[in-house]
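There are 2 protein chains.
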Amino acid sequence: MERCRLVFSGSGGQGVITAAIILAEAAVICENLNAVQSQSYGAEARGGATRSDVIIADTPIHYPKVIQPNVLVCLTQEAYNKFSAIIRPGGLLITDSRYVKIQRKVDAQQRELPMYRSVMEQIGKPIVFNICMLGAVIALTEVLRPDSIMKVLEGRVPRDFLELNQRALQLGMELGRAAAH
Amino acid sequence: MERCRLVFSGSGGQGVITAAIILAEAAVICENLNAVQSQSYGAEARGGATRSDVIIADTPIHYPKVIQPNVLVCLTQEAYNKFSAIIRPGGLLITDSRYVKIQRKVDAQQRELPMYRSVMEQIGKPIVFNICMLGAVIALTEVLRPDSIMKVLEGRVPRDFLELNQRALQLGMELGRAAAH
Numbered sequence: 001m002e003r004c005r006l007v008f009s010g011s012g013g014q015g016v017i018t019a020a021i022i023l024a025e026a027a028v029i030c031e032n033l034n035a036v037q038s039q040s041y042g043a044e045a046r047g048g049a050t051r052s053d054v055i056i057a058d059t060p061i062h063y064p065k066v067i068q069p070n071v072l073v074c075l076t077q078e079a080y081n082k083f084s085a086i087i088r089p090g091g092l093l094i095t096d097s098r099y100v101k102i103q104r105k106v107d108a109q110q111r112e113l114p115m116y117r118s119v120m121e122q123i124g125k126p127i128v129f130n131i132c133m134l135g136a137v138i139a140l141t142e143v144l145r146p147d148s149i150m151k152v153l154e155g156r157v158p159r160d161f162l163e164l165n166q167r168a169l170q171l172g173m174e175l176g177r178a179a180a181h
Numbered sequence: 182m183e184r185c186r187l188v189f190s191g192s193g194g195q196g197v198i199t200a201a202i203i204l205a206e207a208a209v210i211c212e213n214l215n216a217v218q219s220q221s222y223g224a225e226a227r228g229g230a231t232r233s234d235v236i237i238a239d240t241p242i243h244y245p246k247v248i249q250p251n252v253l254v255c256l257t258q259e260a261y262n263k264f265s266a267i268i269r270p271g272g273l274l275i276t277d278s279r280y281v282k283i284q285r286k287v288d289a290q291q292r293e294l295p296m297y298r299s300v301m302e303q304i305g306k307p308i309v310f311n312i313c314m315l316g317a318v319i320a321l322t323e324v325l326r327p328d329s330i331m332k333v334l335e336g337r338v339p340r341d342f343l344e345l346n347q348r349a350l351q352l353g354m355e356l357g358r359a360a361a362h
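Chains Z and C supply the protein sequences, listed in that same order.
Just so you know, we're using this note's numbering here: the first sequence kicks off at 1 and counts up by one.
Just so you know, we're using this note's numbering here: the second sequence kicks off at 182 and counts up by one.
(1) Helix, strand or coil for Asp288 of chain C per DSSP?
(2) Using a C-beta cutoff of 8 Å, does Val100 of chain Z count as contacting chain C?
(3) Could you pull out every residue in the same chain whose Cβ sits closer than 7 Å to the Cβ of Val287 of chain C, ignoring the five residues on either side in sequence?
(4) Return the bridge partner residues of Tyr222 of chain C from the DSSP annotation.
(5) Answer with buried or exposed for Gln218 of chain C, where buried requires no fewer than 16 other C-beta atoms within 10 angstroms of its C-beta.
(6) Cys313 of chain C lies in the alpha helix (DSSP H); which residues open and close that run?
(7) List the residues that DSSP assigns as beta-bridge partners of Asp277 of chain C.
(8) DSSP three-state label for Arg337 of chain C, please.
(9) Counting only Cβ pairs nearer than 7 Å, list the residues of chain Z close to Ala205 of chain C.
(10) At what residues does the alpha helix (DSSP H) containing Val16 of chain Z begin and finish?
(11) Is Lys151 of chain Z near Cys30 of chain Z, with beta carbons less than 8 Å apart?
(12) Using 10 angstroms around the beta-carbon of Asn130 of chain Z, count the other beta-carbons present and answer buried if the total reaches 16, otherwise exposed.
(13) State buried or exposed for Met133 of chain Z, treating a residue as buried only when at least 16 other CB atoms are found within 10 Å of its CB.
(14) Is it buried or exposed for Asp53 of chain Z, if we count other Cβ within 10 angstroms and need 16 for buried?
(15) Suppose you measure from the CA of Ile242 of chain C to the CA of Pro64 of chain Z; what does that come to, to the nearest Å?
(16) Is Thr257 of chain C buried or exposed, if buried means 16 or more other CB atoms sit within 10 Å of its CB?
(17) Strictly under 8 Å for the Cβ-Cβ distance: is Val152 of chain Z near chain C by that measure?
(18) I want to verify the contact list: residues of chain C whose CB lies under 7 Å from the CB of Lys65 of chain Z, in sequence order.
(19) Can you tell me which of the three DSSP states Gly91 of chain Z falls into?
(20) Any C-beta of chain C sitting closer than 8 Å to the C-beta of Ala35 of chain Z?
(21) Tell me the rounded alpha-carbon separation between Gly10 of chain Z and Leu72 of chain Z.
(22) What does Ile21 of chain Z touch in chain C if you count any residue whose Cβ is under 8 Å from its own?
(23) Whose C-alpha, out of C:Met182, C:Ala359, C:Val188 and C:Ile308, is nearest the C-alpha of Gly272 of chain C?
(24) Residue range of the alpha helix (DSSP H) that Ala260 of chain C falls in?
(25) Using a beta-carbon distance below 8 Å, is Val287 of chain C in contact with chain Z?
(26) Taking the alpha-carbon positions, what's the Gln109 of chain Z to Asn70 of chain Z distance?
(27) Report yes if the C-beta distance between Ile198 of chain C and Gln220 of chain C is below 8 Å; otherwise report no.
(28) Answer yes or no: does any C-beta atom of chain C fall closer than 8 Å to that of Val73 of chain Z?
(29) Alpha carbons only, please: which of C:Lys263, C:Leu204 and C:Arg358 is nearest the one belonging to Gly229 of chain C?
(30) Hey, out of Z:Gly12, Z:Leu33, Z:Asp96 and Z:Gly13, whose CA is closest to Val143 of chain Z's CA?
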């Protein structure tokens, strides 16, 4: 496989760190890959945009920081403004259409998805916004199998909330697939 | 301040990743420091021992991985067996006395604390074991102020569970202080 370098960015309560940890665990536990997951906080973190990095590879990962992601997700305008410039040329840039309104042209495949709106309309629980985002990433990149994500969710999420998470994952995958063309 | 490199290790459900994220966020948000927090998963992660790294510094952190921690926490025997050799000579090695029974002599200040037992006896909820551990780390290292941890907990923990977390943090600090001598 090609090494996959992902950055998920957004604001504090959107669950980007949790999404990154779930993705990394799924890669390692279910697909026998290597993964590194990290948060770097500095002066910019106090500004409000949270960033979480994941590297997934089938070879050992020596340097754990993502410099140029080939997959960048921005869930707020502030995160977009801060991080859109670091996308690897030709990479995949996913934004949420409710939270990111103003985009400049970057050298990337830009996918603007109504993730937040769809979660609110079809599921009604903002807490699974991050799982919907993971579904979109999985559908657009095929970096892991959806059932690997589900397996990790089964170990982390209380039984009563599992179906909610499954629906969010599938919703994200549908949005991703519809935008794949 | 001296740069602080911490590794928290244990098994999947013990919350070492969450503890590391809380510590890193407290450093950045409340004490104006820099922090990097990461999980490296590879072949060894499938074995069962989870490891989570934090670096805290008042200068920029360029290399985010911890090679030799000056603070190492081991919450299971397996984690101890796997990671005790990486402690920085003269560093601080904290183990839980219920889960780590067999220790060899390492070049470190070894502190064996009854964290799990105290949490179960005095609070009765294993879910705050990781917060008790954080309290012990704070008391023994003074890397951050306890109220910085509380402030992050206030933003993350549902109101009903906040007192539980506060008690666990204080319990850990008492255990740490008692072992500081």
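From the three backbone atoms N, C-alpha and C, an ideal C-beta is built for every residue, glycine too.
Keep in mind the model is a prediction, meaning the values are calculated, not measured.
Inspection of the coordinates gives the following:
(1) The residue given as residue 288 of chain C occupies position 107 in the second sequence. Here Asp288 of chain C sits in coil by DSSP.
(2) For the purposes of this step, residue 100 of chain Z is taken as residue 100 along the first sequence, with counting starting at 1. No, no contact with chain C.
(3) Taking the first residue of the second sequence as position 1, residue 287 of chain C is located at position 106. Here the set comprises Ser265, Ile268 and Leu274.
(4) By 1-based counting over the second sequence, the position of residue 222 of chain C is 41. In DSSP, Tyr222 of chain C forms a bridge with Z:Ala35.
(5) Numbered from 1 along the second sequence, position 37 holds the residue referred to as residue 218 of chain C. The residue is buried, with at least 16 neighbouring Cβ atoms inside 10 Å.
(6) Translated into positions along the second sequence, residue 313 of chain C becomes position 132. Phe310 to Thr322 is the extent of the alpha helix (DSSP H) around Cys313 of chain C.
(7) Residue mapping note: residue 277 of chain C aligns to position 96 of the second sequence, counting from 1. In the DSSP output, where bridge partners are listed per residue, Asp277 of chain C has C:Leu294.
(8) The residue given as residue 337 of chain C occupies position 156 in the second sequence. Helix.
(9) Counting from 1 along the second sequence, the entry for residue 205 of chain C is found at position 24. Those within 7 Å of Ala205 of chain C in chain Z are Gln39 and Tyr41.
(10) The residue labelled residue 16 of chain Z in the question sits at position 16 within the first sequence. Where Val16 of chain Z is concerned, the enclosing alpha helix (DSSP H) stretches over Val16 to Glu25.
(11) Working through the first sequence from its first residue, we reach residue 151 of chain Z at position 151. Working through the first sequence from its first residue, we reach residue 30 of chain Z at position 30. It is a contact, given that the beta carbons lie within the stated cut-off.
(12) Within the first sequence, residue 130 of chain Z is the residue found at index 130, counting from 1. Classification of Asn130 of chain Z: buried, given that the 10 Å Cβ count is 16 or more.
(13) Residue 133 of chain Z sits at position 133 when you count from the first residue of the first sequence. The residue is buried, with at least 16 neighbouring Cβ atoms inside 10 Å.
(14) Start at 1 with the first residue of the first sequence, and residue 53 of chain Z comes out as number 53. Buried, since its Cβ has 16 or more Cβ neighbours within 10 Å.
(15) As a position in the second sequence, residue 242 of chain C is number 61, starting the count at 1. As a position in the first sequence, residue 64 of chain Z is number 64, starting the count at 1. Whole-angstrom Cα-Cα distance: 13 Å.
(16) Against the second sequence, residue 257 of chain C aligns to sequence position 76. Answer is buried; the Cβ neighbour count reaches 16.
(17) On the first sequence, residue 152 of chain Z is found 152 positions in, with the first residue counted as 1. It does not: the Cβ of Val152 of chain Z has no partner Cβ on chain C nearer than 8 Å.
(18) Here residue 65 of chain Z is taken as the residue at index 65 of the first sequence, counted from 1. Ordered by position in chain C, the residues that pass the 7 Å Cβ test against Lys65 of chain Z are Pro245.
(19) Within the first sequence, residue 91 of chain Z is the residue found at index 91, counting from 1. Looking at Gly91 of chain Z - three-state DSSP - the assignment turns out to be strand.
(20) Taking the first sequence and counting its residues from 1, the one referred to as residue 35 of chain Z is at position 35. Yes, Ala35 of chain Z lies at the interface with chain C (some Cβ there is under 8 Å from its Cβ).
(21) In the first sequence, counting from the first residue as 1, residue 10 of chain Z sits at position 10. In the first sequence, counting from the first residue as 1, residue 72 of chain Z sits at position 72. Gly10 of chain Z and Leu72 of chain Z: Cα-Cα distance of roughly 11 Å.
(22) As a position in the first sequence, residue 21 of chain Z is number 21, starting the count at 1. Simply Ile198 and Gln220.
(23) Locating residue 272 of chain C in the second sequence gives position 91, counting from the first residue. With distances taken between Cα atoms, Gly272 of chain C lies closest to C:Val188.
(24) The count along the second sequence starts at 1 and reaches residue 260 of chain C at position 79. Ala260 of chain C -> alpha helix (DSSP H) spans Gln258 to Phe264.
(25) Translated into the one-based positions of the second sequence, residue 287 of chain C becomes position 106. Closer than 8 Å: no.
(26) As a first step, residue 109 of chain Z is located in the first sequence; it is residue number 109 there, counting from the start. As a first step, residue 70 of chain Z is located in the first sequence; it is residue number 70 there, counting from the start. Their backbone Cα atoms lie some 10 Å apart in a straight line.
(27) Walking along the second sequence from the start, residue 198 of chain C turns up at place 17. Walking along the second sequence from the start, residue 220 of chain C turns up at place 39. In this structure, Gln220 of chain C lies closer than 8 Å to Ile198 of chain C by Cβ.
(28) Residue numbering aside, residue 73 of chain Z sits at position 73 when the first sequence is read from its first letter. By this cut-off, Val73 of chain Z is not an interface position.
(29) The residue given as residue 229 of chain C occupies position 48 in the second sequence. Of the candidates C:Lys263, C:Leu204 and C:Arg358, the one whose C-alpha sits nearest the C-alpha of Gly229 of chain C is C:Lys263.
(30) Residue 143 of chain Z sits at position 143 when you count from the first residue of the first sequence. Residue Z:Leu33 is the option with its Cα nearest to Val143 of chain Z.
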